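Just so we're aligned: 121 in numbering that gives the first Met the number 0 is position 122 of the first sequence, and the numbers increase by one with no gaps anywhere.
Written below as structure tokens is the structure these notes are about.
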Amino acid sequence: MLDINFIRQNPEKVKEGIAKKNADPKLVDKFLRWDEEWRAKISVWEGLKVEQKTLSKELMKSQASDLLSRAQILKKRLADLEKEKKELEQKREESLSKLPNLPLDDVPVGPDETANKILRELGQKRKFNFPAKEYLEIAEKLDLIDTKRAAKVSGSRFGYLKNEIALLEFSLVKLAFDFLIPENFIPIIPPVLIKEKMMKGMGYIDKTEDKEETYFLEKDNLYLIATSEQSVGPLHADEVLKEEELPKRYVAFSSCFRREAGSYGKDTTGILRVHQFDKVEMFSFCHPDKSKEEHQFLLLMAEKLMQALQLPYRVVQMCTGDLGGPAAAKYDIEAWLPGQNNGQGEYRETHSLSNCTDFQARRLNIRFRDKKGKLGFVHTLNGTAFSQRPLIAIIENYQTKQGTVKVPDVLKPFIDKNEIKIK
RNA sequence: GGAGACGUGCCGGAGCGGUUGAACGGGCCUGACCCGAAAUCAGGUAUACCAGAAAUGGUAUCGGAGGUUCGAAUCCUCCCGUCUCCGCCA
């Protein structure tokens with residue numbers, strides 16, 4: 000949610016900002032119209048309310064019939080007004096929730112991913128003296144991934160992770176937790192089912208396309224989370240945090256569920272794009288003055304984890320058109336997958352880190368009290384530590400000519416093995 | 001899933017139809033006393049929205065949504081949550 004006063008005072012800035020994000024600037028006018036009508040209505044209603052209060056005080060003293068009938072009439076008018084007021088309120092709120100967060104000034108402007116900016120490429124791409132294979136081929140031979148049986152049991156876009164790759168996932172989780180806990184991240188395993196109010200608060204079901212992407216359990220009125228961000232963010236809803244406890248950081252492990260409704264035909268085989276996967280997510284509630292710094296910090300953490308695995312990657316800054324609703328700035332990390340694209344290799348997204356400024360905090364009413372006692376909204380940030388996609392990167396980057404997969408050095412202590420071979 | 005109890009401000013805890021933003025106690029802040037502190041005394045101590053340049057004024061808020069009433073923290077209905085007991089279950 001945007002700051003209402005800011006919209007009223009800077010309608011042109013808001014229009015400009017949301018236009019950069021491919022949203023219709025007319026939404027701003029629409030909101031302002033409802034806002035104005037609502038304010039007019041509220042002042043009339045409040046006037047009548049005062050009248051009613053004084054009248055009811057008089058009625059305490061005397062039950063004169065003319066007073067009573069005046070009160071009756073007032074009551075009816077108030078009821079009607081209240082109804083109108085509520086309708087306006089709803090329209091106002093609805094039009095407000097259609098406005099996405101504004102991009103920060105330093106975000107490159109562009110309509111879609113073609114305008115994203117590659118900030119840096121790091122890590123040595125391995126030279127293979129054999130044609131690099133794609134991860135699924137390797138994984139199936141080594142009995143690590145089974146999508147065929149998963150299709151039988153669950154349908155397309157599901158997978159069984161087996162044997163060493165299952166262990167490898169746990170070791171990635173452990174690596175991330177061990178690395179982040181000393182940086183004051185609180186380890187947490189959040190619920191994967193959340194209420195509609197919370198999903199809305201996080202800004203993920205404002206558009207109908209968003210709703211298509213989300214699993215919803217009608218019977219229980221609960222949403223399955225697509226990322227633990229959606230479940231960790233509302234953790235402090237309606238709370239006032241102390242300034243000195245900011246930034247309050249969490250590292251969460253959870254399964255994530257995505258309908259992938261808009262991606263028919265894209266990445267249809269394997270486990271690159273699935274309906275269910277596990278992810279370790281960083282989340283930070285921070286002081287509004289510090290969110291840019293915190294964003295860089297989260298990015299640094301994610302990069303260090305990739306470096307620990309010695310995986311080549313690049314950092315991409317999302318342009319305004321590719322930010323999504325709640326984000327004001329966003330970086331992706333893309334891992335180098337040498338086996339993709341017929342052995343030519345390509346970069347694929349493995350991490351995504353967003354600064355949502357006060358957009359989510361306003362909706363969820365997550366505040367902090369500063370030293371002077373003043374209340375303000377915190378900024379929320381989130382970013383991937385690890386998901387299952389780095390497993391793909393490991394398989395492709397650490398493959399050998401013999402079709403085995405070497406275990407990255409940092410993970411060896413966790414799985415007690417140097418190489419994954421055919422059983 | 002069944003039976004019951006409960007949900008009030010920073011906390012404890014009254015109020016059970018009117019003048020209650022809410023008794024009383026604790027906490028916290030300010031001032032007085034004191035060389036200083038403790039104790040004591042006096043005063044203050046919510047949030048959101050609307051109007052206003054501001055001072056300030058108004059409205060709402062006693063888990064949430066409706067309803068009854070001239071008037072609801074107080075009565076009614078539904079929902080949510082917490083606790084206790086039983087059942088089931090990792």
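Quick reminder that beta carbons are idealized off the backbone N, C-alpha and C, glycines included.
Please read these numbers as outputs of a predicted model, since none were measured by experiment.
The bridge partners DSSP lists for residue 312 are 121 and 334. Annotation: residue 173 to residue 209 spans about 32 Å, alpha carbon to alpha carbon. Ranked by how close their Cα comes to the Cα of residue 415, the residues 111, 169 and 83 have 169 in first place. Apart from the 5 residues on each side of it in sequence, residue 13 sits with its Cβ closer than 6 Å to the Cβ of 6 and 27 in its chain, given in chain order. With fewer than 16 other CB atoms across the displayed protein chains lying within 10 angstroms of its CB, residue 263 is exposed. In chain order, 115, 318, 319, 320 and 321 place their CB closer than 8 Å to the CB of residue 109, counting only its own chain and leaving out the 5 sequence neighbours on each side. The Cβ atoms of residue 379 and residue 398 do not sit closer than 8 Å to each other. Between residue 391 and residue 134 a beta carbon distance of about 5 Å is seen, short of the 8 Å cut, so the two are scored as contacting. Collapsing the DSSP output to three states places residue 294 in a helix.
The beta strand (DSSP E) runs lying completely inside the stretch 119 to 206 and spanning 3 residues or more are 184 to 187 and 192 to 194, given in chain order. In this structure residue 77 does not touch residue 54 by the C-beta definition: roughly 11 Å separates them, more than the 8 Å allowed. Taken through DSSP and simplified to helix, strand or coil, residue 384 comes out as strand. With a 10 Å radius around the Cβ and a threshold of 16 neighbouring Cβ atoms, residue 412 comes out exposed.
Taking every protein chain shown into account, the CB of residue 230 has 16 or more other CB atoms within 10 angstroms, so this residue is buried. Residue environment: residue 356 is assigned as buried (16 or more neighbouring CB atoms within 10 Å of its CB, all protein chains considered). Comparing alpha carbon positions, the residue from 418, 303, 343 and 348 closest to residue 127 is 343. Comparing C-alpha distances from residue 100 to each of 396, 327, 400 and 62 shows the shortest one belongs to 327.
With respect to residue 228, residue 381 sits close: the two C-beta atoms are nearer than 8 Å. Secondary structure of residue 354 (DSSP, three-state): strand.
Across the set 233, 180 and 179, the C-alpha of 233 shows the shortest separation from the C-alpha of residue 191. The C-beta of residue 417 has fewer than 16 other C-beta atoms within 10 Å across all chains shown, which makes the residue exposed.
In the structure shown, residue 419 adopts extended strand secondary structure according to DSSP, grouped into three states. Collapsing the DSSP output to three states places residue 261 in a helix. The C-alpha of residue 213 lies about 34 Å from the C-alpha of residue 368. By the Cβ test, the stretch 236 to 253 is in contact with the stretch 272 to 284, since at least three Cβ pairs between them sit closer than 8 Å.
The three-state secondary structure of residue 227, taken from DSSP, is coil. When 23, 31 and 19 are compared, the shortest CA-CA separation from residue 9 is found for 31. Relative to residue 131, the option among 406, 339 and 245 whose CA is nearest is 339. Within the stretch 52 to 100, the runs of alpha helix (DSSP H) at least 4 residues long that lie entirely inside it are, in chain order, 64 to 96. Residue 342: not part of any beta strand (DSSP E); member of the alpha helix (DSSP H) spanning 339 to 342, first to last residue. Remark: fewer than three beta-carbon pairs, one from each stretch, lie closer than 8 Å, so the stretch 293 to 311 and the stretch 79 to 91 are not flagged as touching. Contact between residue 388 and residue 346 is absent: CB atoms are separated by about 12 Å, not below the 8 Å threshold. Taking each of 147, 136 and 272 in turn and checking the Cα distance to residue 394, the smallest one comes out for 136.
DSSP, reduced to helix, strand and coil, places residue 48 within a helical segment of the structure shown. Bounds of the beta strand (DSSP E) holding residue 250 are 247 to 256.
Excluding sequence positions up to five before and after residue 420, its CB lies within less than 6 Å of the CB of 403, all in the same chain and listed in chain order.
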